[in-house]
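Just so you know, we're using the numbering used here here: the sequence shown kicks off at 43 and counts up by one. Backbone N, C-alpha and C fix where the C-beta goes; we use that ideal spot for every residue, glycine too. Shown next, in structure tokens, is the structure this report addresses.
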Amino acid sequence: MTYQQIPAHIASPSRRARGALSVALAAGVLLPVAAVAGAAPAAAATPGAAPAAAPAAAAPAVVCASGKAGLAAQLTKDITAALKNRKSTTAVAVLDRTTRTTCTLRATQKFDSASVVKVTVLATLLWDAKKTNRYLTQREVDLSTAMITKSDNAATTTLWKQLGLTKIKGFIKAAGMTQTVPGTGGYWGLTQITAQDEQKLLALTTAKNTVLSDNARAFLLERMRKVVSSQRWGVPAGAPATATVQLKNGWLSRSTHGWRVHSVGAFTGKGHDYMISVLTHDNKTMNDGVNTIQAVAKAVHKDLNPATKMAGAAVHSVPETPYEAVPATPEKAARDAVPATR
Numbered sequence: 043m044t045y046q047q048i049p050a051h052i053a054s055p056s057r058r059a060r061g062a063l064s065v066a067l068a069a070g071v072l073l074p075v076a077a078v079a080g081a082a083p084a085a086a087a088t089p090g091a092a093p094a095a096a097p098a099a100a101a102p103a104v105v106c107a108s109g110k111a112g113l114a115a116q117l118t119k120d121i122t123a124a125l126k127n128r129k130s131t132t133a134v135a136v137l138d139r140t141t142r143t144t145c146t147l148r149a150t151q152k153f154d155s156a157s158v159v160k161v162t163v164l165a166t167l168l169w170d171a172k173k174t175n176r177y178l179t180q181r182e183v184d185l186s187t188a189m190i191t192k193s194d195n196a197a198t199t200t201l202w203k204q205l206g207l208t209k210i211k212g213f214i215k216a217a218g219m220t221q222t223v224p225g226t227g228g229y230w231g232l233t234q235i236t237a238q239d240e241q242k243l244l245a246l247t248t249a250k251n252t253v254l255s256d257n258a259r260a261f262l263l264e265r266m267r268k269v270v271s272s273q274r275w276g277v278p279a280g281a282p283a284t285a286t287v288q289l290k291n292g293w294l295s296r297s298t299h300g301w302r303v304h305s306v307g308a309f310t311g312k313g314h315d316y317m318i319s320v321l322t323h324d325n326k327t328m329n330d331g332v333n334t335i336q337a338v339a340k341a342v343h344k345d346l347n348p349a350t351k352m353a354g355a356a357v358h359s360v361p362e363t364p365y366e367a368v369p370a371t372p373e374k375a376a377r378d379a380v381p382a383t384r
């Protein structure tokens with residue numbers, strides 16, 4: 043059904059039609075053309091004619107809101123421009139507590155988590171330790187540090203098995219991450235995540251709450267601050283030089299949807315208090331995903347910090363063979379099971 047604005051020069055409708063129109067406009071309703079007095083009826087279908095093709099669904103749009111005048115419109119424009127002509131499917135979520143600003147794009151669409159789930163694993167470990175009022179063992183500290191700072195897969199698998207799905211699901215429920223579904227069969231990298239839930243997790247790590255203790259949050263954020271330099275691409279691109287960056291990235295290639303490349307981060311200190319989550323798949327290469335994420339991040343940092351000197355974060359160049367093994371997948375397991383031939 044089409045809609046049109048009624049030109050002022052059209053002859054006045056009947057009193058009854060004027061009354062209906064006034065009520066509709068007062069209620070904020072845009073009337074269909076056929077409902078306006080004097081509009082021509084829809085053309086009847088021709089017998090035997092093929093049905094009209096359904097209109098293509100509109101692509102999801104960036105939606106922003108802000109307590110700061112003009113900021114929502116600027117972010118909407120700049121994030122949209124950053125994603126123009128890019129082939130990947132991208133989800134974005136932004137929260138800036140200082141200006142009460144939010145932005146979303148496909149925020150509830152699910153993606154394979156890849157290594158981004160490692161923040162959830164550590165949060166679960168800390169949450170479970172709090173429940174039993176105990177400190178982490180040195181072994182757990184070492185495994186957690188390797189898992190976050192180096193994205194170590196073996197350490198993640200060890201902690202994932204130690205915790206078990208019951209505890210992981212328990213933390214996810216406590217955190218209100220209603221769209222997150224843990225991977226089964228030991229495939230933690232296939233946990234289903236959304237940008238919206240990743241923002242909920244980042245919010246828990248950066249503000250006082252009843253789920254994670256202050257000590258637990260400090261421990262987790264410290265590890266995210268110490269991610270090795272080769273993995274500091276993604277949402278830190280273009281961040282203010284004055285901001286403290288807490289980060290975790292993930293990357294994974296599968297037979298469908300190509301490369302999944304994700305980056306989530308919190309930016310705090312010296313007046314900064316915001317979070318960015320960007321999830322992507324349908325990337326032909328890992329670098330495609332990195333470039334998309336960094337284009338979005340630069341736009342967000344610029345708009346949230348118009349008077350602040352930005353860090354000169356260059357686009358990170360990813361080698362053809364990732365510097366750290368991607369998480370296990372059924373496809374990878376099947377390939378590894380095939381004997382080598384000469």
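In the three-state scheme derived from DSSP, where H, G and I count as helix and E and B as strand, Thr222 is classed as coil.
Selection Thr140, Arg267 and Thr322 evaluated against Ala156 yields Thr322 as nearest (Cα-Cα). Beyond the five residues adjoining it in sequence on each side, Leu243 comes within less than 7 Å, by CB distance, of Val161, Thr162, Ala165, Ala217 and Met219 in the same chain, given in chain order. Between Val159 and Thr233 the beta-carbon gap is near 5 Å, inside 8 Å, which marks them as a contact. Note on the region 123-191: whole beta strand (DSSP E) runs with a minimum of 3 residues are 131-138 and 143-147, in chain order.
In the same chain as Leu207, and ignoring 5 residues on each side of it, the C-beta atoms closer than 6 Å to its own belong to Pro224, in chain order.
According to the DSSP assignment, Val306 belongs to no alpha helix (DSSP H) but to the beta strand (DSSP E) extending over Trp301 to Gly311. Under the 10 Å beta carbon count, Pro348 is surrounded by fewer than 16 other beta carbons and is classified as exposed. Rounded to whole angstroms, the gap between the alpha carbons of Val253 and Arg176 is 15 Å. Bounds of the alpha helix (DSSP H) holding Asn329 are Met328 to Leu346. Exclusion of the five residues before and after Ala279 leaves Gln336, Ala339, Lys340 and Ala355 as the residues of its chain whose Cβ lies within less than 6 Å of its Cβ. From the listed residues Leu246, His304, Thr286 and Ser130, the smallest Cα separation to Arg259 is found for Leu246.
The straight-line gap separating the alpha-carbon atoms of Leu201 and Asp239 is approximately 21 Å. Excluding residues up to 5 positions away in sequence, Pro102 and Ala133 lie with their Cβ nearer than 6 Å to the Cβ of Arg148 in the same chain. In the three-state DSSP reduction, Lys215 falls in the helix class (H, G or I).
Close CB contacts of Val270 within its chain, under the 7 Å cut and outside five residues either way in sequence, are with Thr191 and Lys192 (chain order). Taking each of Met352, Gly307 and Val332 in turn and checking the Cα distance to Leu125, the smallest one comes out for Val332.
Ser255 places its beta carbon 7 Å or farther from that of Lys152. Closest in alpha carbon position to Ile235, among Ala107, Val303, Ala123 and Lys351, is Val303. Looking at the DSSP output, Thr322 sits in a beta bridge with Thr132 and Val303. Annotation for Asn257: the continuous alpha helix (DSSP H) segment containing it runs Asp256 to Arg267.
Where Gln273 is concerned, there is no enclosing alpha helix (DSSP H), because DSSP gives it neither an H nor an E. Bounds of the alpha helix (DSSP H) holding Thr247 are Ala237 to Thr248. Rounded to the nearest angstrom, the gap between the Cα atoms of Trp293 and Thr174 is 34 Å. Ala281 and Gln116 have their alpha carbons spaced roughly 17 Å apart. Each of Phe261, Arg296, Thr143 and Gly313 was checked against the Cα of Thr286, and the nearest Cα belongs to Gly313.
Judged by DSSP secondary structure, Lys290 falls within the beta strand (DSSP E) whose first and last residues are Thr286 to Ser295. Within the same chain, Cβ atoms closer than 8 Å to the Cβ of Lys344 are found at Asp120, Gly280 and Met352, the five residues on either side in sequence being excluded.
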